[in-house]
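What follows is a short report on a single structure.
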Amino acid sequence: MPTLFRILITAILSILGCWTFYYNWPQRSVRNDSYTYSDEEAQHLRFYPNAQYAHGMHAWFQQQPETAASFFRQAVSQNALFLDAWLRLAETEAAMGREEKAKDILTFTTDMTDQVLRWKWPQMVLASELSMEKCFYRNTNYLLSHKVLEQDALQLLHTHLGGEASAVITVLEPAHLTAYLNWLMQWGMTDESLVVWQAMAAVAEPEKETAVRYAHFLLNHKRITASMGIWQKYTGVDGMTNPGFEKDITGRAFDWRHWGEKDGNWKLKRVDHDTIEGDYALRITFNGQENISFQHIYQIIVADPQQKYRLMYAWKSRSITTDQGPFVEIYGYDGKGLYQAGPMITGTHGWHKASIEFDMPEDCRSAVVRLRRRPSKRFDSKIRGKVWIDDFRLEKIETISTNEVIIWRQIKQNT
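When we follow numbering that gives the first Met the number 0, the leftmost residue of the sequence shown carries the number 0, and every step to the right adds one.
Encoded structure:
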């Protein structure tokens with residue numbers, strides 16, 4: 000009896016082992032995602048939703064939507080929570096012209112995953128293709144709220160609405176307007192950005208950092224008036240910005256701009272001693288290594304067309320070599336016909352004032368004030384020494400109008 004029992008147990012275990020081997024062998028293909036994509040394999044793996052999904056994707060890439068749809072249906076029939084298969088099924092239904100079925104599936108999956116981030120992007124893309132506006136906008140705002148795929152979501156939204164910023168701002172939540180503004184600036188869309196900025200200002204006061212960055216963007220795209228309006232509102236500056244270098248140079252918008260020199264031919268530094276006005280001045284040190292062309296510190300200013308101005312500044316020098324020393328120049332930023340250079344400084348000089356008078360052309364509303372040094376053509380051309388600049392001031396020069404000149408001449412003739 001014990002022998003018969005052992006034989007029976009052995010037989011049962013053998014049968015279970017064979018059944019387990021037979022059942023788990025297909026799992027190797029599923030686990031390793033290695034399929035032959037044959038009809039026989041698809042039939043053999045019909046109870047494995049992941050395998051059916053893989054076969055559906057293969058058929059989809061082979062441009063066989065009907066076959067793909069059947070595999071996706073089989074996958075969701077085995078696992079009703081297989082969201083990827085549901086969404087692919089909706090996509091294939093739409094491709095076959097059965098948009099109502101696709102919309103029903105998308106509505107079902109959207110309701111099922113209302114607060115789940117994982118599927119928001121594919122749902123957003125599908126909603127765009129199916130013109131399901133409410134679903135599309137909801138998923139867009141959800142992605143932006145979680146700062147996921149912001150660039151992709153904004154680009155799809157902007158494209159979906161035909162590039163009309165006025166339409167985009169009506170569907171975006173107010174909290175996402177700044178992200179949209181940043182996206183527009185990234186792509187250089189100036190006109191559209193102005194629409195968004197107005198919408199932001201109507202909702203709440205934009206942050207100063209955003210405003211300064213936007214003013215910088217507008218100025219770089221020659222939107223002088225709009226840029227200066229924002230700059231003045233958020234910085235309180237009227238005239239030249241940071242004229243005495245009392246604050247750190249930001250390099251933004253109407254502040255001074257500069258860039259460094261990796262080879263060490265020159266160096267810029269704000270110094271808090273030996274100034275003529277205030278607590279700081281700007282010192283430029285030339286190291287005598289190269290015959291450099293220097294134009295690396297400048298500021299863009301706003302001025303009225305057809306107006307005469309005087310730019311005044313203070314500077315000093317110590318042991319500036321070569322025949323070509325630094326000088327201040329002014330040229331037009333958004334128009335032609337303006338160029339004026341001030342005196343050159345060489346050798347050693349104490350603090351003293353210098354000035355440049357210039358007339359703004361009719362079509363020019365902004366100019367560049369820049370410290371410049373041209374290369375020398377002499378043998379001893381490698382410039383060495385230091386120059387300090389400080390206390391820049393810009394003032395209008397009152398001029399006599401044409402009518403006033405005519406009246407003055409008539410009075411003179413009568414007398």
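Note that beta-carbon positions come from the ideal geometry of N, C-alpha and C, so glycine has one too.
- The continuous alpha helix (DSSP H) containing Asn138 extends over residues Glu132 to Ser144.
- Here Tyr213 carries a helix assignment [DSSP, helix/strand/coil].
- Just so you know, the alpha carbons of His351 and Gly228 end up roughly 34 angstroms apart.
- If one requires a minimum length of 3 residues, the beta strand (DSSP E) runs lying completely within the segment 261-342 are 265-270, 280-286, 293-301, 307-319 and 326-331, in chain order.
- Pairing Trp120 with Thr112 gives a Cβ-Cβ distance that is not under 8 angstroms.
- Ile299 is the residue among Asp271, Gly235, Cys363 and Ile299 whose C-alpha sits nearest the C-alpha of Gly250.
- By the C-beta density criterion, Ala164 is buried, having at least 16 other C-beta atoms within 10 angstroms.
- One alpha carbon belongs to His54, the other to Ala67, and they sit about 7 angstroms apart.
- Counting other Cβ atoms within 10 Å of its Cβ, Leu80 stays below 16 and is therefore classed as exposed.
- Within the segment 167-210, no beta strand (DSSP E) run of at least 3 residues lies entirely inside it.
- Annotation: the continuous alpha helix (DSSP H) that includes Ser226 extends over Ile223 to Thr234.
- According to the DSSP assignment, Glu394 belongs to the beta strand (DSSP E) that extends over Arg383 to Lys395.
- Nearest neighbour of Phe244 by Cα position, chosen from Trp255, Asp237 and Thr234, turns out to be Trp255.
- With a contact defined as Cβ atoms closer than 8 angstroms, Arg369 and Gln305 miss out at about 23 angstroms.
- Distance from Lys315 to His348 at the Cβ level is roughly 6 angstroms; contact confirmed, criterion being Cβ atoms closer than 8 angstroms.
- CA-to-CA, the gap between Glu394 and Leu310 works out to about 7 angstroms.
- Note that the C-beta distance between Arg377 and Thr321 is below 8 angstroms.
- Ranked by how close their Cα comes to the Cα of Glu328, the residues Ile355, Gly346, Tyr233 and Tyr308 have Ile355 in first place.
- Assigned with DSSP and collapsed to three states, Ala353 falls in strand.
- With 16 or more other Cβ atoms inside 10 Å of its own Cβ, Lys102 counts as buried.
- Of all alpha-carbon atoms in Pro342, Gly334, Trp387 and Ser318, the one lying nearest the alpha-carbon of Phe326 is that of Pro342.
- Of all alpha-carbon atoms in Phe71, Thr240 and Tyr47, the one lying nearest the alpha-carbon of His57 is that of Phe71.
- In this structure, the CA atom of Glu99 is about 29 angstroms from the CA atom of Glu149.
- Setting aside the 5 residues that flank it on each side, Thr108 is surrounded in the same chain by Leu82, Trp85, Leu86, Ala89, Trp118 and Gln122, each with a C-beta closer than 8 angstroms to its C-beta; the list follows chain order.
- Using a 10 angstroms sphere on the CB of Thr91, the tally of other CB atoms reaches 16 or more, which defines it as buried.
- Taking C-beta atoms under 8 angstroms as the contact rule, Asn290 and Pro374 qualify, at a distance of about 5 angstroms.
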